[in-house]
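Working notes, structure below.
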Amino acid sequence: MSTYKTKNPLGSAAVKDLYDNAENVDKFVNDRTKEELEDRLGVLRKTWHGMEMIFSRFIDYITGRGEQAVAAIGWQELGNWAVGLAVDNRQQIVYYNGSWYKYLGELEHVIAGDSPENDGGVWSAANPTGKWSNIGDAALRSNLGSGEEGVGDALLAVKQPYTGA
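The sequence shown lines up with residues 20 to 184 when you count with our numbering.
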């Protein structure tokens, strides 16, 4: 990139080096097309635009990861209970006999029993070593606490007293 490319050491006061330095600084700061340019010593360096692009790509990456994380919040329904079904995430739940169950044991777990009771047991105060937790009303509690249209307090009906009821 430099015009003279003397490769004199740093601190050189030679006019050709000063010219190259001024030219390089101008291009490093103001070039809006190249992400890298050679300095007067022949070393490839990021331009200001190149650093902005790295930052922009990093922000896009972090934003994407954040969106993925937010999308993963909540329960991931694996479906009906089945021997051989693999649970490998704490957010995954399995439906059995009218209720949803979350696995509390070590992951990855492959369901081997025909019910939560026969696959590690159901956690309770009486069975604190149970590997499955019936999360039954967790979805309802989540919906009741929501501010989203059609849920939250909209799920509750208030019966107003009236004469002749």
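Just so you know, even glycine gets a beta-carbon here, dropped at the ideal spot from N, CA and C.
Using only alpha-carbon positions, find the residue among the options that is nearest to residue i.
i	options	result
S143	G83, G98, I154	I154
D45	N116, K26, H68, N27	H68
N116	D133, Y122, S165	D133
L118	V106, A105, W100	At residue 118 the sequence reads Ser, which differs from the Leu that was named. Nearest option by C-alpha distance: W100.
G61	G171, E125, K24, N162	K24
With DSSP as the reference, please indicate the residues paired to residue i in a beta bridge.
i	result
L63	E57
V113	G98, Y120
S21	Answer by DSSP bridge pairing: none, since S21 is not bridged.
W151	Y122, V141
If I'm right that residue i touches residue j with Cβ under 8 Å, what's the distance once you round it to whole angstroms?
i	j	result
I112	E96	6 Å
V170	I130	That pair is no contact at about 31 Å.
L56	F47	6 Å
Q110	A91	7 Å
Report buried or exposed for residue i, applying the criterion of at least 16 other Cβ atoms within 10 angstroms of its Cβ.
i	result
Y80	exposed
V141	buried
M72	exposed
P135	buried
R84	exposed
F74	exposed
P26	According to the sequence as given, residue 26 is Lys; it is not Pro. K26 is exposed by the Cβ-count criterion.
Y114	exposed
R59	buried
D107	exposed
Within the present structure, is the beta-carbon of residue i separated from the nearest heavy atom of the ligand ADP by less than 8 Å?
i	result
G169	Judged by which ligands are present, the structure shown has none, so any question about the ligand ADP falls away.
Short of 8 Å in beta carbon distance, which residues of its chain neighbour residue i, apart from the five on each side in sequence? Order them along the chain.
i	result
E42	M20, S21, T22
D138	I130, A131, G132, K150, W151
Apart from the five residues on each side of it in sequence, which residues of its chain come closer than 7 Å, Cβ to Cβ, to residue i?
i	result
L123	W142, K150, W151, S152
E54	K65, T66, H68, G69, M72
L63	E55, E57
Please report whether the beta-carbon of residue i lies at a distance below 9 Å from any beta-carbon of chain D.
i	result
E125	Chain labels in this structure do not include chain D; a single protein chain is all it has.
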